[in-house]
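Per our numbering: the sequence shown = residues -11 to 191. Down below is the structure, laid out as structure tokens.
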Amino acid sequence: MNNETSSPEERSLVHTSNAIRDVTINVEGNKLCVYYELTKGCVDIDKACGAKVNGFSIGCADDEELFHACCYKKCSLVANKHFPLRTERWTCARNGCTSSQEYDAGLCYPKCKEYYIGVATVCWGYCSHFCGKDYTDMGLYCYRWWPPHSCYKPRYDRGVGSLPYQPWIYGGDCWGFGVNNEGKCALLDVSSKVPIDLGCKKQ
């Protein structure tokens, strides 16, 4: 069966990673032909990079990313620039904390108010601002060595932290973020079976 005459349903088959063992790719003139079971699909060699042929992808296109051996539309394009990290087949995640948060000990916390510094869930006041320039930070309180005097160190709870890679899930399987650059199911990358160097960009 030629790829140019096969139906859209046949061209959007979703294969498991084991299917790649049964794929054969041959150069036939100026065509690259993908054989799978009893089907055949061909594409011009100069258009092969990222092409969808016979239910497979020959490498990932420029607007796709490789994840678990399949080519998905980039999260930065299908979700948005703030969720560029693909963490699952249908999940895009934020890469790091937001502008209103700060990173501490592996988590994102709300930023502290001015003249406060965050340590985990608590924001602590600066000794120099709340007690005076001669006071030393002693952890739970501030202390002036001469004349000796301790000073209350203000603090407040800023809440629990959140993971920096917060997922944004939109649909499952071939819906939402789990699509390729044609809006169909992500296809298995079979570029490793190509017998010639196509010069495709590596993912």
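Backbone N, C-alpha and C fix where the C-beta goes; we use that ideal spot for every residue, glycine too.
In three-state terms, what does DSSP make of residue i?
i: Cys63; result: helix
i: Asn18; result: coil
i: Arg143; result: strand
i: Asp10; result: helix
i: Ile184; result: coil
i: Asp34; result: helix
i: Lys190; result: coil
Note down the Cα distance separating residue i from residue j, rounded to an integer number of angstroms.
i: Ala49; j: Cys130; result: 59 Å
i: Glu(-8); j: Cys30; result: Any reading at Glu(-8) needs caution, since the residue's pLDDT is 40, under 50, leaving its predicted position unreliable; the model's value is listed next. Rounded to the nearest angstrom, the two C-alpha atoms are 8 Å apart.
i: Leu151; j: Gly160; result: 22 Å
i: Cys80; j: Gly166; result: 9 Å
i: Arg74; j: Thr86; result: 17 Å
i: Cys96; j: Gly164; result: 27 Å
i: Ser0; j: Ser45; result: Because the pLDDT of Ser0 is 38, which lies under 50, any placement of that residue in the model is unreliable, and the question is left without a value.
i: Ile105; j: Lys99; result: 9 Å
i: Ile33; j: Asn169; result: 20 Å
i: Arg143; j: Asn6; result: 57 Å
i: Gln154; j: Lys19; result: 44 Å
i: Trp134; j: Tyr91; result: 36 Å
i: Ser180; j: Lys190; result: 11 Å
i: Val110; j: Pro136; result: 27 Å
i: Val148; j: Pro72; result: 24 Å
i: Gly171; j: Lys35; result: 19 Å
i: Gly94; j: Arg82; result: 14 Å
Pull up the DSSP beta-bridge partners for residue i, would you.
i: Pro155; result: Ala81
i: Leu73; result: Ala81
i: Phe55; result: Cys58
i: Thr27; result: Tyr24
i: Lys172; result: Paired residues: none, contrary to the question.
If residue i and residue j are in contact, beta carbons under 8 Å, what's the gap, nearest whole angstrom?
i: Gly120; j: Lys141; result: 12 Å between Cβ atoms; not a contact.
i: Val22; j: Val41; result: 5 Å
i: Gly47; j: Asp185; result: So it is not a contact: roughly 11 Å between Cβ atoms.
Under 8 Å from any heavy atom of the ligand GTP, does the C-beta of residue i make it?
i: Ala36; result: The ligand GTP is not among the ligands present in this structure, which contains no ligands whatsoever.
Practice problem: Give, in chain order, every unbroken run of the beta strand (DSSP E) that is at least 3 residues long and sits entirely within the segment 88 to 141. | Solution: If we require 3 residues or more, the beta strand (DSSP E) runs fully inside the segment 88 to 141 come out as 89 to 92, 95 to 98, 104 to 107, 110 to 113, 129 to 132 and 137 to 140.
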